[in-house]
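Sequential numbering of the sequence shown, starting at 711, is according to the numbering used here.
Shown next, in structure tokens, is the structure this report addresses.
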Amino acid sequence: MKKIQIFILLITSFSVFAQQENTENETYKKRVLETAEVDFLMSYYAQTGTHASVTGGIGNEKLSDVTPTIIISLPLNDNDVLTVDAGISAYTSASSSNLNPFDSSGASRNGDDDDDDDDRSLRATAPITGSPWVESSGASRQDVWSNGIISYSHSSDDRNSVWSANVGVAAEFDYTSFGFGGGFTKLFNEQNTEIGIKGQVYMDAWNPKYPTELDSYIEAGNNLNNGFFNGLDILDQNGVAIDKNATTAWKPFNTTLVTDKARNSYSVSLSFSQILSKKSQISLFFDVVNQQGWLANPTQRVYFGDRPNFYIGTASSIPNYTSTSNTDVFHLADDIERMPSSRLKIPVGMRFNYYVNEILSIRTYYRYYTDDWGIDSHTANVELPIKISEKFTLYPTYRYYQQTAADYFAPYEQNLSTQEFYTSDYDLSKFDSNQYGLGIKYTDVFTKAKIYTFGIKTVDLRYNNYSRSDGLNSGIISFGIKFVND
711 MKKIQIFILL
721 ITSFSVFAQQ
731 ENTENETYKK
741 RVLETAEVDF
751 LMSYYAQTGT
761 HASVTGGIGN
771 EKLSDVTPTI
781 IISLPLNDND
791 VLTVDAGISA
801 YTSASSSNLN
811 PFDSSGASRN
821 GDDDDDDDDR
831 SLRATAPITG
841 SPWVESSGAS
851 RQDVWSNGII
861 SYSHSSDDRN
871 SVWSANVGVA
881 AEFDYTSFGF
891 GGGFTKLFNE
901 QNTEIGIKGQ
911 VYMDAWNPKY
921 PTELDSYIEA
931 GNNLNNGFFN
941 GLDILDQNGV
951 AIDKNATTAW
961 KPFNTTLVTD
971 KARNSYSVSL
981 SFSQILSKKS
991 QISLFFDVVN
1001 QQGWLANPTQ
1011 RVYFGDRPNF
1021 YIGTASSIPN
1031 YTSTSNTDVF
1041 HLADDIERMP
1051 SSRLKIPVGM
1061 RFNYYVNEIL
1071 SIRTYYRYYT
1081 DDWGIDSHTA
1091 NVELPIKISE
1101 KFTLYPTYRY
1111 YQQTAADYFA
1121 PYEQNLSTQE
1131 FYTSDYDLSK
1141 FDSNQYGLGI
1151 KYTDVFTKAK
1161 IYTFGIKTVD
1171 LRYNNYSRSD
1181 GLNSGIISFG
1191 IKFVND
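Printed below as a string of structure tokens:
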């Protein structure tokens, strides 16, 4: 499953604004959405790093991702709005490619790039090598994640209540997701106060893919002289070819793979918003998220510090295994990531916005997060919209994040086989990060510029640079344009 956690990447928000105008003899009701709107969003994301989770906490994390999205909002009548949100994420990942690291330079068995590695007979003419630092040419190197969401909202005649519901699907090469949810928002105190509740359910399923050496071992009937391993030397820590029939030969620590393909999430969100004055507003939120099922990622290797090491590739490169100079030897995994079958997450936070003057506003955000895997985190964000002209606004932003490590995290070769749960995924490690961004937004409420019958209402261009204390660095440039049907 792609971690988009690529931290990742697009956040789409919808707001419904309504007002009511009264006269002595009649009431005028404004439509929730006057006319159809179309948002087109596009982003490009790129990252580098040295702690790839697919290769056990070390290795090339280079990744690039292009994400086009279209959002269509349609007024069904005065009170109801239907929204369709569809998008794809086409990514290329050095880390994911090394699900099968032995496809580098086409040196796979039978020339088969299938990550299931059902290649059983002929040796390739080139030697079999691999490296956590070299991007493989395997099938998992790139993929397309796609999703679609349909949302419906209904506002009461007095515009003081809003009901909403949504349903959506998403899929990529090893994962599918089906979600649905709904919410209710109530406005009172002359619409200066707002409270809301939302619920969401995701019924997800793995189509599990595994590290090639583990999958191939099971396919070969636990026999190192069959299938993928037939005629292939396995080296010990000293670079000496082992006796495959010996009791001390390499074998996976655990040959039980995914036993429950379900991964379900249930969340409830509570929110409160209050206008404090003509210039200030505060919002509070509290969420509870419960996850159940196979919550570990089956693509991610784990190496134990209390078990001997075995390799495939060039013996002379073993001493430099953790260095980027290693291009031709690969450490055979001890196991895949194993995690508890449940997780409880609780984020709580607040927003405070202040209008300084017609040029400058201040938007702040803070969130505290905790879960029963041992992670506690703090997020602080500030955005300073600066209106530089009637139609153009600058958006400088800064975000700081800090978290503790999960109870089950340890770096490469520092987990122990005596543990019940273990991972070397640095997304679950202790780290802090900084993100700097700058955006510019064009707004034309009169939509004078047009494409056919659609007027251009807003154009938004932003760039964010992200750096993490474990060495991961990334940048994302995003573009959005909103059209209104005149």
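Quick reminder that beta carbons are idealized off the backbone N, C-alpha and C, glycines included.
Alpha carbon to alpha carbon, how far is residue 908 from residue 859? Give it in angstroms, no decimals.
16 Å
Between the alpha carbons of residue 1046 and residue 1061, how many angstroms are there, rounded?
40 Å
For residue 1089, report the span of its alpha helix (DSSP H) as first-last.
Here residue 1089 belongs to no alpha helix (DSSP H); instead the beta strand (DSSP E) covers 1086 to 1093.
Could you name the residues of the same chain whose beta carbon sits closer than 6 Å to that of residue 1189, not counting the 5 residues immediately before and after it, in chain order?
752, 1171
Exposed or buried, which one is residue 1022 when buried takes at least 16 other CB atoms within 10 Å?
buried
Residues of its chain near residue 862, where Cβ-Cβ distance is below 8 Å and the 5 sequence neighbours each way are ignored:
790, 791, 792, 793, 874, 875, 876
Residue 1161 versus residue 1150: straight-line alpha-carbon distance, rounded
As the crow flies, the alpha-carbon of residue 1161 is around 21 Å from that of residue 1150.
Under 7 Å, do residue 1168 and residue 1101 count as touching if we go by C-beta distance?
Their beta carbons are not under 7 Å apart, which means residue 1168 does not touch residue 1101 by this criterion.
Proximity below 7 Å, CB of residue 989 to CB of residue 1105:
no
Since residue 1015 and residue 1125 should fall inside the 8 Å C-beta cutoff, what is the C-beta to C-beta distance between them, to a whole number of angstroms?
7 Å
What does residue 798 pair with, by DSSP beta-bridge criteria?
Checking the DSSP bridge columns, you'll see residue 798 partnered with 856.
Burial state of residue 958, where buried means 16 or more other Cβ atoms lie within 10 Å:
exposed
What does the alpha-carbon distance come out to for the pair residue 829 and residue 1052?
Its pLDDT being 43, under 50, residue 829 is placed unreliably by the model, and nothing is read from it.
I'd like the span of the beta strand (DSSP E) that includes residue 923, first residue to last.
Residue 923 -> not in any beta strand (DSSP E); alpha helix (DSSP H) instead, spanning 922 to 929.
Could you check which residue in 944, 902, 807, 845 has the C-alpha nearest to that of residue 986?
902
If you compare alpha carbons, which of 850, 897, 889, 841 is closest to residue 868?
897
Going by the CB atoms, is the gap between residue 1147 and residue 1107 shorter than 7 Å?
yes
Through-space distance from residue 1076 to residue 992, alpha-carbon basis:
12 Å
Can you tell me where the beta strand (DSSP E) holding residue 875 begins and where it ends?
871 to 882
Distance, residue 1087 Cα to residue 940 Cα
48 Å
Does the region 912 to 919 come into contact with the region 876 to 891, if we say contact requires no fewer than three beta-carbon pairs (one atom in each stretch) closer than 8 Å?
yes
What ranges does the alpha helix (DSSP H) occupy inside the region 1029 to 1090, keeping only unbroken runs of at least 4 residues that lie completely in it?
Listed in chain order, there is nothing to give.
Does the beta-carbon of residue 1158 have 16 or more other beta-carbons within 10 angstroms, so that it is buried, or is it exposed?
exposed
Exposure label - residue 923; buried when at least 16 CB within 10 Å:
Answer is buried; the Cβ neighbour count reaches 16.
DSSP three-state call for residue 754: helix, strand or coil?
strand
When the Cα atoms are used, what is the spatial distance from residue 884 to residue 1009?
Straight-line measurement puts the Cα of residue 1009 at about 9 Å from the Cα of residue 884.
Comparing C-alpha positions only, which one of 767, 757, 756 sits nearest to residue 1139?
767
Could you tell me which residues DSSP puts in a beta bridge with residue 1111?
1089, 1143
Skipping 5 residues on each side, what residues in its chain have a beta carbon closer than 6 Å to that of residue 999?
977, 1055
Bridge partner(s) assigned by DSSP for residue 749:
781, 1192
Would DSSP call residue 862 helix, strand or coil?
strand
Sub-7 Å separation of residue 758 and residue 1183 beta-carbons
yes
To which residues of the same chain is residue 1103 closer than 6 Å at the C-beta, ignoring the five residues directly before and after it?
Cβ neighbours of residue 1103 beyond the five flanking positions: 1095, 1097, 1151.
With a threshold of 6 Å on Cβ separation, who are the neighbours of residue 980 within its own chain once the five nearest residues in sequence on each side are excluded?
Around residue 980: 907, 996.
At the level of alpha carbons, what is the spacing between residue 807 and residue 1007?
15 Å
For residue 965, does the three-state DSSP call read helix, strand or coil?
coil
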